[in-house]
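Last residue of the sequence shown: number 35 in numbering that gives the first Met the number 0, and the count goes up by one each step with no gaps. Backbone N, C-alpha and C fix where the C-beta goes; we use that ideal spot for every residue, glycine too. Everything below concerns the one structure shown next.
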Amino acid sequence: MRRQLSSHLAIEKFRDKQGKLISKQIKESWEYARAS
């Protein structure tokens with residue numbers, strides 16, 4: 000049970016990191032498109 004919880008937290012952390020990375024890329028590409 001404990002191991003499942005820790006792996007779940009790791010997945011949540013990973014997904015949060017991925018989400019931030021994706022939103023950063025979207026923001027950068029949007030600003031690039033607006034500038035050009």
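Apart from the five residues on each side of it in sequence, which residues of its chain come closer than 7 Å, Cβ to Cβ, to residue i?
i, result
"ILE25", "none"
"ILE10", "none"
Please state whether DSSP places residue i in a helix, a strand or coil.
i, result
"SER36", "Residue 36 lies beyond the range of the chain shown here (0 to 35); nothing can be said about it."
"SER35", "coil"
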